[in-house]
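Asker:
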Amino acid sequence: MKTERSAPRKKRKSRSDLRVAVVFLSPLLLVYAVYFIYSIFFLGETSMTKVGISLRNAVDVGWLNFQMLVGDAAFSRAILNNLLFAMVSIAVAVTIGFFIAVALATGVRARKLFYLVFLLPALIPVSLVATVFGGMFQERFGIVNETLRSIGLGALAQSWLNEPGPAFAVVATLFAYLIGLPIMYYTADLAALPTDSLEAALLDGAGTFRIMRSIIYPMMTPTHITVVLSLLLGSFRGLEQVYFSTGGGPGHSTEVVGSYLYGYINSGGKTIGFTAAAALIVLVIALIISIAQMFATRTRKGSR
Amino acid sequence: MTATAKQQKRPNILTANPMSMVVTRGADRLVIYGLLIVMGLIFAFPLYALIRRSFEVGGINNYITLFTDPIGNVPILSTYVNSLFIGVGHAALVVSVSTTAGYALSKLQFRGRELTFSGVLLFLAVPGTAILIPVYHITQQLHLFNNYLGVALPEAALTIPFGVLLMRNYGRNIPDSLMEAAQLDGASHFRIFWNIFLPLARPALANLTVLCFIWSLQDFLWPSMLFTNPDLATAAQAVKLYSNVIGQSPEQYGRYNASLVLLAVPAVLFVIFGLRFIVNGLTSGSTKE
Chain C
164 MKTERSAPRK
174 KRKSRSDLRV
184 AVVFLSPLLL
194 VYAVYFIYSI
204 FFLGETSMTK
214 VGISLRNAVD
224 VGWLNFQMLV
234 GDAAFSRAIL
244 NNLLFAMVSI
254 AVAVTIGFFI
264 AVALATGVRA
274 RKLFYLVFLL
284 PALIPVSLVA
294 TVFGGMFQER
304 FGIVNETLRS
314 IGLGALAQSW
324 LNEPGPAFAV
334 VATLFAYLIG
344 LPIMYYTADL
354 AALPTDSLEA
364 ALLDGAGTFR
374 IMRSIIYPMM
384 TPTHITVVLS
394 LLLGSFRGLE
404 QVYFSTGGGP
414 GHSTEVVGSY
424 LYGYINSGGK
434 TIGFTAAAAL
444 IVLVIALIIS
454 IAQMFATRTR
464 KGSR
Chain Z
2 MTATAKQQKR
12 PNILTANPMS
22 MVVTRGADRL
32 VIYGLLIVMG
42 LIFAFPLYAL
52 IRRSFEVGGI
62 NNYITLFTDP
72 IGNVPILSTY
82 VNSLFIGVGH
92 AALVVSVSTT
102 AGYALSKLQF
112 RGRELTFSGV
122 LLFLAVPGTA
132 ILIPVYHITQ
142 QLHLFNNYLG
152 VALPEAALTI
162 PFGVLLMRNY
172 GRNIPDSLME
182 AAQLDGASHF
192 RIFWNIFLPL
202 ARPALANLTV
212 LCFIWSLQDF
222 LWPSMLFTNP
232 DLATAAQAVK
242 LYSNVIGQSP
252 EQYGRYNASL
262 VLLAVPAVLF
272 VIFGLRFIVN
282 GLTSGSTKE
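Going down the list, the protein sequences come from chains C and Z. The first sequence lines up with residues 164 to 467 when you count with the working numbering. The second sequence lines up with residues 2 to 290 when you count with the working numbering.
1. If I measure Cβ to Cβ from A264 (chain C) and keep anything under 7 Å in the same chain, skipping five residues before and after, which residues do I get?
2. Just to make sure I have the definition right: I need the residues of chain C whose C-beta is within less than 9 Å of the C-beta of V75 (chain Z). Which are they?
3. Do you know how far the Cα of L324 (chain C) is from the Cα of G297 (chain C)?
4. Which same chain residues end up closer than 8 Å to P288 (chain C) when comparing Cβ atoms and leaving out the 5 residues on each side of it in sequence?
5. Counting C-beta neighbours from all protein chains within 10 Å, is the total for E156 (chain Z) 16 or more, i.e. buried, or is it exposed?
6. Let's test the definition: count the other Cβ atoms within 10 Å of the Cβ of V266 (chain Z) and tell me whether it reaches 16, buried, or not, exposed.
7. Taking just the CA atoms, how far does R54 (chain Z) sit from I451 (chain C)?
8. If you measure from the beta carbon of F205 (chain C) to each beta carbon in chain Z, is any gap under 8 Å?
9. Can you confirm whether S169 (chain C), when its beta carbon is compared against all beta carbons of chain Z, has any partner nearer than 8 Å?
10. Under 8 Å by Cβ, that's how I've got L206 (chain C) and A449 (chain C) pegged, so tell me the actual separation to the nearest angstrom.
11. With a cut-off of 8 Å, does the C-beta of V82 (chain Z) fall near any C-beta of chain C?
12. To the nearest angstrom, how far is it from the Cα of F271 (chain Z) to the Cα of I215 (chain Z)?
13. Measuring alpha carbon to alpha carbon, tell me which residue in Z:T80, Z:S21, Z:T69 and Z:G35 is nearest A236 (chain Z).
14. Nearest to T468 (chain C) by CA position, among Z:L31, Z:V39 and Z:F44, is which residue?
15. In angstroms, rounded to a whole number, what distance separates the CA positions of L192 (chain C) and V127 (chain Z)?
16. Is there a C-beta anywhere in chain Z that falls below 8 Å from the one on Y348 (chain C)?
17. For T371 (chain C), is the classification buried or exposed, using 16 other Cβ atoms within 10 angstroms of its Cβ as the cut-off for buried?
18. Rank C:V214, C:P357, C:D235 and C:M457 by C-alpha distance to the C-alpha of Y423 (chain C) and give the top, closest one.
19. Label I175 (chain Z) either buried or exposed according to how many other C-beta atoms from any shown protein chain fall within 10 Å of its C-beta, with 16 as the threshold for buried.
20. Could you name the residues of the region 214-233 of chain Z whose beta carbon sits closer than 7 Å to any beta carbon of chain C, in the order they occur along the chain?
21. Taking C-beta to C-beta, are V98 (chain Z) and I161 (chain Z) nearer than 8 Å?
22. At 4 residues or longer, what runs of the alpha helix (DSSP H) sit wholly inside the region 283-336 of chain C?
23. Specify, as a first and last residue, the run of the alpha helix (DSSP H) that D177 (chain Z) falls within.
24. Taking Cβ positions, are Y243 (chain Z) and I72 (chain Z) nearer each other than 8 Å?
25. Compare the C-beta of F124 (chain Z) with all C-beta atoms of chain C and state if any pair is closer than 8 Å.
26. Taking 7 Å as the limit between beta carbons, can you name the residues of its chain near T386 (chain C), skipping five residues before and five after?
27. Quick one: measure Cβ to Cβ for M180 (chain Z) and K108 (chain Z), integer angstroms, because I've assumed they're closer than 8 Å.
28. Secondary structure at D232 (chain Z), three-state DSSP: helix, strand or coil?
29. In terms of residue numbering, what span does the alpha helix (DSSP H) encompassing N258 (chain Z) cover?
30. Cβ closer than 9 Å: which chain Z residues qualify as neighbours of L243 (chain C)?
31. Note down, in chain order, all residues in the region 252-275 of chain C with a beta-carbon under 9 Å from any beta-carbon belonging to chain Z.
32. Going along chain Z, which residues have a C-beta under 8 Å from F399 (chain C)?
33. DSSP has T212 (chain C) in a bridge; who is on the other side?
34. Under 8 Å between C-beta atoms, does R172 (chain C) make it to chain Z?
Put into structure tokens, the structure is as follows:
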């Protein structure tokens, strides 16, 4: 493909469509200038002040907000939680998610129904899914405790959302539940998988699950990388998963950066400067993961 | 793999059986079915819990009263309409910006094209919460609070990096020869874009449009920050609005769950009828070329 493309490009090396390109790119540049570039400058400026959401009468405080942020255990806890929740969803996606995608690609009956069941949770509003999860684990009427009591395991019933450990488990389960996107990535790349090495393995008499584990799994390494990075980024984009299930509590034990920022912005106090400083740090983390993703996909293209 | 072969292959992602030969024994097939059914039941369990709860106390009346006596005077149907209007703005903004930029980044020759593309991708994963404060300020300056466009704009800003990636990847798969022929005939880039590129890019546009609607339906962040008027509440936002009004008493809990079921309906319909577009769209940004 590369040789195909480079030939005509060389031919018109002298030609440049720069002027036309600027016209075609101008809507994009406008959006980027306002929503990303200006936003970053605005965050930088605001992060040096003490101000409310009205953004009026800002008081200059220098680097104080960043100093406070470094000392804030809840913020570092939120970043750590983002990484932990991402790890849980990654672990589930590269095992169960991978298996679901392969199993459905082998051609089963009612496949469309299966796809709906596995992909739907990730495509309906997260606020709704998280609310349902919170309801399921409610102490008195939640279906989880009800079920435990009805099968004689009432001792295991507990106030899931009010204890740090169980609350953490609930949110982690929710993140693991929302693996529709990885299943889609695997499904798409399986459809483009070269089948010759599978045929060779079949001739060797390898069994179904051995082929899945020893042949297909390693062949999907680029997809695994895509899955890991997209879930990592998705975790830092997450808000509703926590906000609608545990609200970040108890304490800040299930807080993620999304719910942390959202909570401070809606707190009504003069916390906007402080939150802008936190937002800048979150933005830097997201950009670093983005750059990692760009390098990962670039090597992928090169290796092909 | 040639570009055309890939394009023919893509629409069949959900129906192709590339792995059918992997299952060598009938017993293995049974095991696969068994595992899929068990996992399917686990995945469907929250939905079952929700629907069961939605009939508690009031039975079907839980649903009927949502129409006759809407919670907080915000009818479910108006949340559908609000999400739809935002979706239209979101999709229109994303499609117009992404197609023009996608054309420039795949079909025009200029220095710094790849660098520009990398710069676009850098913002592919900006968390909405991280730019919430500046967007709040921008919305204030533009007087767009309680305005559909006010929510559609930041939604579009966060979707556009993905849209450009999608359109640029798709554009690269359109053979240059078509455009070169038009250029020899003296057609301008604007004509080529309008008469050749856009019609050929229709499948990608369909995917992108469906995704914009799904994401508008899912979005809680922007409406919750930029709408203060409950009449404008979207489906995702109403989840919170209703919960605030109705409280958590067991008598009302069934009714609240009934409202959750109904709030999910538009997204579920989109997924049932548009799953192919969604999967093709979401994965075309990631798959190798």
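All C-beta atoms in this analysis are idealised placements derived from N, C-alpha and C, irrespective of residue type, glycine included.
Answerer: By the coordinates alone:
1. For A264 (chain C), where only same-chain residues beyond five positions count, the Cβ hits under 7 Å are I346, Y349, T350 and L353.
2. Scanning chain C for C-beta atoms nearer than 9 Å to the C-beta of V75 (chain Z) yields nothing, as the closest lies near 15 Å away.
3. Rounded to whole angstroms, G297 (chain C) to L324 (chain C) spans 8 Å at the Cα level.
4. If we look at P288 (chain C) and ignore the five residues flanking it on each side, its Cβ neighbours are E403.
5. So E156 (chain Z) counts as buried.
6. With fewer than 16 other Cβ atoms within 10 Å, it is exposed.
7. The straight-line gap from Cα to Cα measures roughly 43 Å.
8. Closer than 8 Å: yes.
9. Confidence at S169 (chain C) is low in this model, with a pLDDT of 45, below 50, so the placement of that residue is unreliable and no value is reported for it.
10. The C-beta distance from L206 (chain C) to A449 (chain C) rounds to 13 Å, too long to meet the 8 Å contact threshold.
11. False, the Cβ-Cβ gap to chain C never drops below 8 Å.
12. Approximately 7 Å, taken between the alpha carbons.
13. It is Z:T80.
14. Outside the displayed span of chain C (164 to 467) sits residue 468 (chain C), for which this structure offers no information.
15. L192 (chain C) and V127 (chain Z): Cα-Cα distance of roughly 16 Å.
16. Output row for Y348 (chain C): interface = yes.
17. By the neighbour-count rule (16 or more Cβ atoms within 10 Å), T371 (chain C) is buried.
18. Taking Y423 (chain C) as reference, the option from C:V214, C:P357, C:D235 and C:M457 with the minimal CA-CA separation is C:D235.
19. I175 (chain Z) is buried by the Cβ-count criterion.
20. From the region 214-233 of chain Z, only I215, L218, Q219, F221 and L222 have a Cβ closer than 7 Å to chain C.
21. Closer than 8 Å, so yes.
22. Entirely contained in the region 283-336 of chain C, the alpha helix (DSSP H) runs reaching 4 residues are, in chain order, 289-299 and 306-313.
23. Taken as a continuous stretch (DSSP letters only), the alpha helix (DSSP H) holding D177 (chain Z) covers D177 to L185.
24. Against a cut-off of 8 Å, the Cβ pair of I72 (chain Z) and Y243 (chain Z) comes out as a contact.
25. Closer than 8 Å: yes.
26. Excluding residues within five positions, the ones whose Cβ falls inside 7 Å are Y348, Y349 and D352.
27. Rounded, the Cβ-Cβ distance is 6 Å, consistent with contact.
28. Three-state result, D232 (chain Z): helix.
29. The continuous alpha helix (DSSP H) containing N258 (chain Z) extends over residues P251 to S285.
30. Residues of chain Z passing the Cβ test: none, with the nearest at roughly 16 Å.
31. Flagged, chain order: I259, F262, I263, V265, A266, L267, A268, T269, G270, V271, R272, R274 and K275.
32. By Cβ distance, chain Z contributes A126 and P128.
33. Paired residues: C:D223.
34. Here R172 (chain C) scores only 47 on pLDDT, less than 50, and its place in the model should not be relied on; the value that follows carries that caveat. With its beta carbon less than 8 Å from one in chain Z, R172 (chain C) belongs to the interface.
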